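> Protein chains in written order, with the numbering used here: chain V, 136 to 234; chain Z, 136 to 234.
Here a beta-carbon is modelled for each residue, glycine too, at the ideal position from N, C-alpha and C.
Please read these numbers as outputs of a predicted model, since none were measured by experiment.
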DNA sequence: AATATATTTAGACGTTTGGCTAAATATCCC
DNA sequence: GGGATATTTAGCCAAACGTCTAAATATATT
């Protein structure tokens, strides 16, 4: 999993809201977009960022694409989050962010 | 606490590494900077972003400024993080990210 | 096959970000 | 006070970001 992409995905408030919406159950792109005053293409971009971070998955059903939380990765994301503040040296993390 | 600033602060890998360093105990600006191949002024900028998010606090001791984790806010940050994926509607969050 | 609907891709544009150097500020020590 | 050290502030620049519109793609309907 790409640490960096997870945190970047979470940096945008719209994307966090998308995640909260999806936490209640799967929704298609149009249903999600309705909740925002943002153009379809821009929403699509947000979906792709969340997909790149592996936080959501999409499945096509006819004309629509239904998105849902990738729950296993959400678990991992929480671990990552804790690691940011953890006293132990986490090799995986240290390596990723080494200069 | 400014939700948005916390997540933006965490979006940068160097800043996450600063937090991990500080999780082991307080350090002054110079000690932290030594760990990075980034100029002093750029490091100072990172400190100010972390301070703005209230994730760290600085105290002056002579010529040096010692930074440490703002542990209470770190707790809050974890809550925020969980809320991103929570099924319940969190009013505080929803308001912040409303379009 | 033609049309309508849902979504993504491509490309442009203004803003924000993270880096730099140079200069300013604060403290210490002689 | 004057010089050295630690850190921040100011201003610049290139790259990344979030948004948009227009065009492309995929599926459904007639």
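1) Contact criterion: CB-CB distance below 9 angstroms. Does residue 185(V) meet it with respect to chain Z?
2) Does the beta carbon of residue 218(V) sit closer than 9 angstroms to a beta carbon anywhere in chain Z?
3) Kindly say whether residue 151(V), judged by its beta-carbon, lies nearer than 9 angstroms to any beta-carbon of chain Z.
4) Examine the Cβ distances between the segment 182 to 199 of chain Z and the segment 207 to 214 of chain V and report whether three or more of them are shorter than 8 angstroms.
5) For the alpha helix (DSSP H) containing residue 173(V), list its first residue and its last residue.
6) Could you tell me the boundaries of the alpha helix (DSSP H) in which residue 157(V) lies?
7) Any contact between the segment 142 to 152 of chain V and the segment 187 to 204 of chain V? By contact I mean 3 or more CB pairs, one from each, below 8 angstroms.
8) Which word fits residue 194(Z), buried or exposed, when buried means at least 16 other C-beta atoms lie within 10 angstroms of its C-beta?
9) Hey, could you find the ends of the alpha helix (DSSP H) residue 79(Z) is sitting in?
10) Decide if residue 143(V) is buried, meaning its Cβ has at least 16 other Cβ atoms within 10 Å, or exposed.
11) Pull up the distance between the alpha-carbon of residue 141(Z) and that of residue 217(Z), whole angstroms please.
The answer reads as follows:
1) By this cut-off, residue 185(V) is not an interface position.
2) Yes, contact with chain Z.
3) Against chain Z, the CB of residue 151(V) has a partner CB under 9 angstroms away; the residue lies at that interface.
4) Counting Cβ pairs under 8 angstroms, fewer than three are found: no touch.
5) For residue 173(V), no alpha helix (DSSP H) run applies, since DSSP gives it neither H nor E.
6) Unbroken alpha helix (DSSP H) run through residue 157(V): 148 to 158.
7) Yes: the two stretches touch, three or more of their Cβ pairs being nearer than 8 angstroms.
8) The C-beta of residue 194(Z) has fewer than 16 other C-beta atoms within 10 Å across all chains shown, which makes the residue exposed.
9) Look at the range of chain Z in this structure, 136 to 234, and you will see that residue 79(Z) is not part of it.
10) Buried.
11) Just so you know, the alpha carbons of residue 141(Z) and residue 217(Z) end up roughly 13 angstroms apart.
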